[in-house]
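Protein chains: 2
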Amino acid sequence: MPSETDPRFLRSREAILNAARELLLGSGPTAVTHAQVAERAGVGRATVYRHWPQTEPLLLEAMATVPMPFLDKPTAPTQDWLRRELTAIASQLELDDVRAVSTTLANAALWDETMDARRARFAGILTDRLAAALDDAQARGEIVLTLPSREAAAMAIGPMYYRSTIERAPIDSTLIDAAMAALGTWSET
Amino acid sequence: MPSETDPRFLRSREAILNAARELLLGSGPTAVTHAQVAERAGVGRATVYRHWPQTEPLLLEAMATVPMPFLDKPTAPTQDWLRRELTAIASQLELDDVRAVSTTLANAALWDETMDARRARFAGILTDRLAAALDDAQARGEIVLTLPSREAAAMAIGPMYYRSTIERAPIDSTLIDAAMAALGTWSET
DNA sequence: CATTCTATGAGACAACTTGACTCGTAGCGA
DNA sequence: TCGCTACGAGTCAAGTTGTCTCATAGAATG
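Chains B and Z, in that order, give the protein sequences. All the letters of the first sequence, read from the start, carry residue numbers 819 to 1007 under the working numbering. All the letters of the second sequence, read from the start, carry residue numbers 819 to 1007 under the working numbering.
(1) Select from 1004/B, 969/B and 991/B the residue whose C-alpha is nearest the C-alpha of residue 996/Z.
(2) Which residue marks the beginning of the beta strand (DSSP E) containing residue 1003/B, and which one marks its end?
(3) Could you spell out where the alpha helix (DSSP H) holding residue 948/Z opens and where it closes?
(4) From the beta carbon of residue 819/B, is the nearest beta carbon of chain Z less than 8 Å away?
(5) Only counting runs of 4 or more residues, tell me where the alpha helix (DSSP H) segments fall wholly within the segment 836 to 914 of chain B, in order along the chain.
(6) Let me check one thing: in DSSP terms, what residues is residue 963/Z bridge-paired to?
(7) Which residues in the same chain as residue 942/B place their Cβ atom closer than 7 Å to its Cβ, once the five residues preceding and following it in sequence are excluded?
(8) Using three-state DSSP, classify residue 990/B as helix, strand or coil.
(9) Beta-carbon of residue 845/B versus every beta-carbon of chain Z: anything under 8 Å?
(10) In chain order, what residues of the same chain have a beta carbon less than 7 Å from the beta carbon of residue 883/Z, not counting five sequence neighbours either side?
(11) Per DSSP, what kind of secondary structure is residue 828/Z in: helix, strand or coil?
(12) May I ask you to list, following chain order, the residues of the segment 958 to 972 of chain Z that have a beta carbon less than 8 Å from some beta carbon of chain B?
(13) Could you say which of 949/Z, 829/Z, 881/Z and 901/Z lies nearest to residue 920/Z if we only look at CA atoms?
(14) Can you tell me whether residue 823/Z is buried or exposed, with buried defined as 16 or more other CB within 10 angstroms of its CB?
(15) In chain order, what residues of the segment 831 to 843 of chain Z put their CB closer than 8 Å to some CB of chain B?
(16) Take residue 1020/B and list the residues in its own chain whose beta-carbon comes closer than 8 Å to its own, dropping the five residues that flank it on each side.
(17) What residue range is occupied by the uninterrupted alpha helix (DSSP H) comprising residue 970/Z?
(18) What are the residues of the segment 925 to 941 of chain B that lie near chain Z, defined by any Cβ-Cβ distance shorter than 9 Å?
(19) Note down the Cα distance separating residue 991/B from residue 852/Z, rounded to an integer number of angstroms.
(20) For a cutoff of 8 Å on Cβ pairs, would you count residue 980/B as touching chain Z?
(21) Measure how close the beta-carbons of residue 917/B and residue 845/B come, nearest whole angstrom, since I'm counting them as under 8 Å.
(22) Between residue 932/Z and the rest of its own chain, which residues show a CB-CB distance below 8 Å, the 5 nearest in sequence each way excluded?
(23) Thinking C-beta only, is residue 849/B closer than 8 Å to residue 892/B?
(24) Suppose contacts are defined by Cβ-Cβ distances below 8 Å. Is residue 1001/B in contact with residue 965/B by that definition?
(25) Using a beta-carbon distance cut-off of less than 9 Å, what residues from the segment 985 to 998 of chain Z approach chain B?
(26) Within 10 Å of its beta-carbon, does residue 894/B have 16 or more other beta-carbons around it, so buried, or fewer, so exposed?
(27) Counting only Cβ pairs nearer than 7 Å, list the residues of chain B close to residue 977/Z.
(28) Once DSSP output is grouped into helix, strand and coil, what is the label at residue 983/Z?
(29) Which class does residue 923/B belong to by DSSP, given the choice of helix, strand or coil?
(30) Given that a residue counts as buried once 16 or more other Cβ atoms are within 10 Å of its Cβ, and exposed if not, what is residue 833/B?
(31) How would you label residue 861/B, buried or exposed, when you count the other beta carbons within 10 angstroms and need 16 or more for buried?
(32) In angstroms, rounded to a whole number, what distance separates the CA positions of residue 1005/B and residue 837/B?
(33) Of all the residues that make up the segment 852 to 884 of chain Z, which are near chain B by a beta-carbon distance shorter than 9 Å?
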C-alpha cells in the first residue's frame, strides 16, 4: 500500500471496489477474481494485485460498501421506533445487493474466519441494539417482554430474513406486526 | 450416462457424490471441482467428467443427499405436532451440513436458475404443509390465527433460521414457544 | 469357464487462468 | 520543471480445466 493520498491510487481503488461490488451483485462471489475485476474496472490486472494481493479481502471490502440495515438510535415510544426500524429493514431486504451481501456473509462465514468475524459483528450489533432498546422500554413500562431481550433480534428480524432469502417473497406489514407482537405485550396508548 | 445398473458405475457415482458432499461441508461450494472431487473420491478425473460434465448439477445432487428438515404429516393436536416439528427443525439446523446446504442454497439461488428452483421447491413445501396444518387446526377450533396461514412458515422457521445462520447461536425452546405463540391464539388444554 | 461389453484409470494434450515480475509512461506534488 | 511513483501492457512459469485415447479389469452372458 504505497501512497494513501495519491489521486491515481484512490481512483484505481474506487474503480476496483465498484467493479468488485458489481460482480458480486451480478454474478456472485465466485466472479470476484483479479482478472474479471480488472477488466470491469478498466484497470490493469497488475493494479488489482497491487491493491489487493488476495481476492478475499477485496470481496470483504466490496461487501462493506453495501449499506446494510442496522438499527438506529432508539427514540420513545419504542413501539413506534421499532415499527419504523423493522419497516426500514424490510425495504432494505428487498434490495438485491443487501440480499447478496447477507446471504454471501452467512454462507462464506461457515468456512472463512474473516467472514465469520464480520458476520458475528453484524449480528452482534443488531442483537445488542434491539436488546438495549427493549430493556429500556420494559424499564419504562412500555412493554412486558415474553422473551429474553437478546433473543428479540432473531424473533423480529428472522421472519423477514427468511421471507426475503428463502421464500423470496415481499415482506408485508402483517409479518412485521406479528413479529412485534411476539416480543411481548405492549402497553396501550 | 452409459449404464444404470453396472456396479462399477454405481460405485463411482456414490464415491463421487460422497466426496462432493464432504468437500461442500468441509470447504464450501467452491471446493467442489472435478479435480478435487476425483482426488477425494479416489477416482480418475475423467470418471468425474463422465458422470457429471458440469460441476453445478453435481453440487446440486450432492446437496440433495443431505437430509433437510421438512414438516411431517400433521397429527392432532396440532399444537403438539407443531412443537415437535419445530424442535426437530431446530436440531437439524444445529447440524453443519444442514447449515451448509441451506445457506449455499439461499446464496447460490440468487444467480443460478436451477438453484433457485430448488430453493423455491423447498420453501414451498414448508409453507404449504404448515399452512395446511394450521388451516385445519383453525377449522377444528384449535387455534385462531393472527396471521395468514401462508405467512406462518416465515414466522415459525425464520427466527430459528436467523439464529442458526446469522447469529450462529443455539436455538432454545424459548424461541420455539415465542414463534408458536406468534402464529395465533391456541385454545386451552 | 470363455467371451463380450463397457466403465475405468492413467496419461497426453491444448487452452486458459493465476500470480509474479519488468519496463516505459504519464499523472502527481514540490 | 523535476523527481517520484502508480499505472498499463506485456512476459512468463506454474497450475487448472476440459477433452481425448488406450489398455485394463470388472461385470454380464452363454
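Even glycine gets a Cβ: it sits at the ideal position worked out from N, Cα and C.
In this structure, then:
(1) As a first step, residue 996/Z must be located in the second sequence, where it is residue number 178. Among 1004/B, 969/B and 991/B, the Cα nearest to that of residue 996/Z is on 969/B.
(2) For the purposes of this step, residue 1003/B is taken as the residue at position 185 of the first sequence. It spans 1002 to 1004 - the beta strand (DSSP E) in which residue 1003/B sits, taken as one unbroken run.
(3) Start at 1 with the first residue of the second sequence, and residue 948/Z comes out as number 130. Looking at the DSSP string, the run of the alpha helix (DSSP H) that includes residue 948/Z is 931 to 957.
(4) As a working mapping, residue 819/B is identified with position 1 in the first sequence. For residue 819/B, the pLDDT reaches just 45, beneath the cut-off of 50, and the residue's location in the model is therefore unreliable, leaving the point undetermined.
(5) 852 to 859, 863 to 869, 873 to 882 and 896 to 911
(6) To locate residue 963/Z, count along the second sequence from 1; it is residue 145. BP columns for residue 963/Z point to 1002/Z.
(7) Within the first sequence, residue 942/B is the residue found at index 124, counting from 1. Contacts found: none.
(8) Here residue 990/B is taken as the residue at index 172 of the first sequence, counted from 1. In the structure shown, residue 990/B sits in coil (DSSP, three-state: anything other than H, G, I, E or B).
(9) On the first sequence, position 27 is the one that residue 845/B refers to. Taking Cβ atoms only, chain Z reaches closer than 8 Å to residue 845/B, which makes this a yes.
(10) Taking the second sequence and counting its residues from 1, the one referred to as residue 883/Z is at position 65. Contacts found: 835 and 839.
(11) The residue given as residue 828/Z occupies position 10 in the second sequence. Note: residue 828/Z maps to helix in three-state DSSP.
(12) 964, 965, 966, 969, 971 and 972
(13) Here residue 920/Z is taken as the residue at index 102 of the second sequence, counted from 1. If we check each option's Cα against that of residue 920/Z, 881/Z comes out closest.
(14) Translated into the one-based positions of the second sequence, residue 823/Z becomes position 5. That one is exposed.
(15) none
(16) Residue 1020/B is absent from the model: chain B starts at 819 and stops at 1007.
(17) Looking up residue 970/Z in the second sequence gives position 152. Unbroken alpha helix (DSSP H) run through residue 970/Z: 970 to 980.
(18) 925, 926, 927, 928, 929, 930, 934, 937, 938, 940 and 941
(19) The count along the first sequence starts at 1 and reaches residue 991/B at position 173. The count along the second sequence starts at 1 and reaches residue 852/Z at position 34. If you take the alpha carbons of residue 991/B and residue 852/Z, they lie about 46 Å apart.
(20) As a first step, residue 980/B must be located in the first sequence, where it is residue number 162. Yes - at least one Cβ of chain Z is within 8 Å of the one on residue 980/B.
(21) Here residue 917/B is taken as the residue at index 99 of the first sequence, counted from 1. Here residue 845/B is taken as the residue at index 27 of the first sequence, counted from 1. Between residue 845/B and residue 917/B the Cβ distance is about 14 Å, and since that is not below 8 Å, they are no contact.
(22) To locate residue 932/Z, count along the second sequence from 1; it is residue 114. Same-chain partners within the cutoff: 874, 875 and 878.
(23) The residue labelled residue 892/B in the question sits at position 74 within the first sequence. The residue labelled residue 849/B in the question sits at position 31 within the first sequence. In this structure, residue 849/B does not lie closer than 8 Å to residue 892/B by Cβ.
(24) Position 183 of the first sequence, counted from the start, is the residue given in the question as residue 1001/B. Position 147 of the first sequence, counted from the start, is the residue given in the question as residue 965/B. Closer than 8 Å, so yes.
(25) 985, 986, 987, 989, 990, 992, 993, 995, 996 and 997
(26) Residue mapping note: residue 894/B aligns to position 76 of the first sequence, counting from 1. Exposed: under 16 other Cβ atoms inside 10 Å.
(27) Position 159 of the second sequence holds residue 977/Z. Result: 972, 973, 976 and 977.
(28) Here residue 983/Z corresponds to residue number 165 of the second sequence, with the count starting at 1. DSSP places residue 983/Z in helix when its eight states are reduced to three.
(29) By 1-based counting over the first sequence, the position of residue 923/B is 105. Reduced to three states, the DSSP call for residue 923/B is helix.
(30) Reading the first sequence from its first residue, position 15 is the one you call residue 833/B. Burial call: buried.
(31) Residue numbering aside, residue 861/B sits at position 43 when the first sequence is read from its first letter. Looking at its Cβ environment, which holds 16 or more other Cβ atoms inside 10 Å, residue 861/B is buried.
(32) Counted from its first residue, the first sequence places residue 1005/B at position 187. Counted from its first residue, the first sequence places residue 837/B at position 19. The alpha-carbon atoms of residue 1005/B and residue 837/B are separated by roughly 49 Å.
(33) none
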